[in-house]
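S.K.:
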Amino acid sequence: MTEPLFTIPLWADLLGVGLGGVQGAMFASGFQGQRRLDWLGVAIIGIMIGMGGGLIRDILLGQTPATLQNQWYLVTAGGAALLGMLLSGLFTRLNTAIVVLDAVVIGMFGAFGTSKALAFGIPEVPAVFIGVCAAVGGSVLRDMLMGLPTAIMHVGSLYAVAAGAGCTFIVIAVALGMPITLAAVVGIAVTAVIRVLAVTFDVSLPEQRRIYRRKVAAETGAIAIVKPGIDL
């Protein structure tokens, strides 16, 4: 694969890792009961959120993960996770801060993933796919480690949809001649705004209500179930 025409600045990549680490630690610190984590557990969640998106992005691109080629990624993720733990002890209500940080983080990882894919010559649709995977990858790893239902697989507040919108904007803007750096910045804003508004106004994709109602009706005998080979 040829050398890309655009590379993600180290400071920008580290900023995304740092914000992800803070958000992940703040999220993990808020759990009580059986899912309450000690400091090590919270730190691991913060590091996985901070580094997970970049790892998934580079693996899909067939590249050696940038997070494993520079010691500052792990140092930044670990320090950010510690900061997130300290912040969680200072504030009693973290929901707003977590949602805003989460929106910015998924926007950054989505934009970085899509921009890097385009720079490597990946076609537009796969580039969007890589960006969305990078955006939601950290949260998937977080939910798996914490034994939580995977957020993007359930009805929620437009998590992957927000990332997809931002990534799609980037590929369209670049195709129309916008500089890729500017497109990435605007793409981050698009993702973050959609995500925050979706959470604020409780907007989500429609549930599979008709399928569910039919399943319940069939199980309770409210409708007849026709089996092949049986004459009625």
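As numbered in this note's numbering, residues 21 to 252 make up the sequence shown, in order. Built from N, CA and C at the ideal position, the CB exists for glycine as well.
#1: Mind checking ALA195: buried by the 16 CB within 10 Å criterion, or exposed?
#2: Have a look at ILE192, ILE64 and LYS136 and flag the residue whose alpha-carbon is nearest the alpha-carbon of GLN43.
#3: How many whole angstroms separate the CB atoms of ALA48 and VAL37, which I take to be in contact at a CB cut-off of 8 Å?
#4: The alpha helix (DSSP H) that contains LEU39, what's its start and end?
#5: DSSP on ILE142, reduced to helix/strand/coil?
#6: Would you tell me roughly how many angstroms separate the C-alpha atoms of GLY50 and GLY197, rounded to the nearest one?
#7: One question on the structure: do LEU178 and VAL223 come within less than 8 Å of each other, judged by their Cβ atoms?
#8: Any idea if ASP122 is buried or exposed, counting beta-carbon neighbours within 10 angstroms, 16 or more meaning buried?
#9: Apart from the five residues just before and just after ILE118, which ones in its own chain have a Cβ nearer than 7 Å to its Cβ?
#10: In this structure, does DSSP put ARG56 in helix, strand or coil?
#11: Am I right that GLY41 and LEU161 are in contact with their C-beta atoms under 8 Å? What's the rounded C-beta distance?
#12: If we count the other Cβ atoms within 10 Å of its Cβ and call it buried at 16 or more, is LEU168 buried or exposed?
#13: What span of residues does the alpha helix (DSSP H) with VAL216 cover, start to end?
#14: Do you know offhand how far PRO199's Cα is from PHE132's?
#15: Just how far apart, CA to CA, sit PHE221 and VAL210?
#16: Check for me: the alpha helix (DSSP H) holding VAL191 runs from which residue to which?
#17: Using only the alpha-carbon positions, how far apart do LEU225 and VAL219 sit?
#18: Look at the Cβ atom of ARG77, then the Cβ atom of LYS136, and state whether they are nearer than 8 Å.
#19: Comparing C-alpha positions only, which one of VAL213, THR134 and VAL120 sits nearest to GLY74?
#20: Roughly how many angstroms lie between the CA atoms of MET105 and GLY98, to the nearest whole one?
#21: Does the ligand PLP have a heavy atom nearer than 7 Å to the CB of SER135?
#22: For PRO248, which residues in the same chain have their Cβ closer than 6 Å to its Cβ, ignoring the five residues on either side in sequence?
M.R.: The short version:
#1: exposed
#2: ILE64
#3: Not really, about 16 Å apart at Cβ, beyond 8 Å.
#4: 30-49
#5: coil
#6: 44 Å
#7: yes
#8: buried
#9: GLN43, MET46 and PHE47
#10: coil
#11: So it is not a contact: roughly 13 Å between Cβ atoms.
#12: exposed
#13: 200-220
#14: 14 Å
#15: 16 Å
#16: 179-195
#17: 12 Å
#18: yes
#19: THR134
#20: 11 Å
#21: Within the structure as shown, the ligand PLP is missing, as the structure has no ligands at all.
#22: Confidence in PRO248 is poor, its pLDDT being 48 and thus under 50, which makes the residue's placement too unreliable to answer from.
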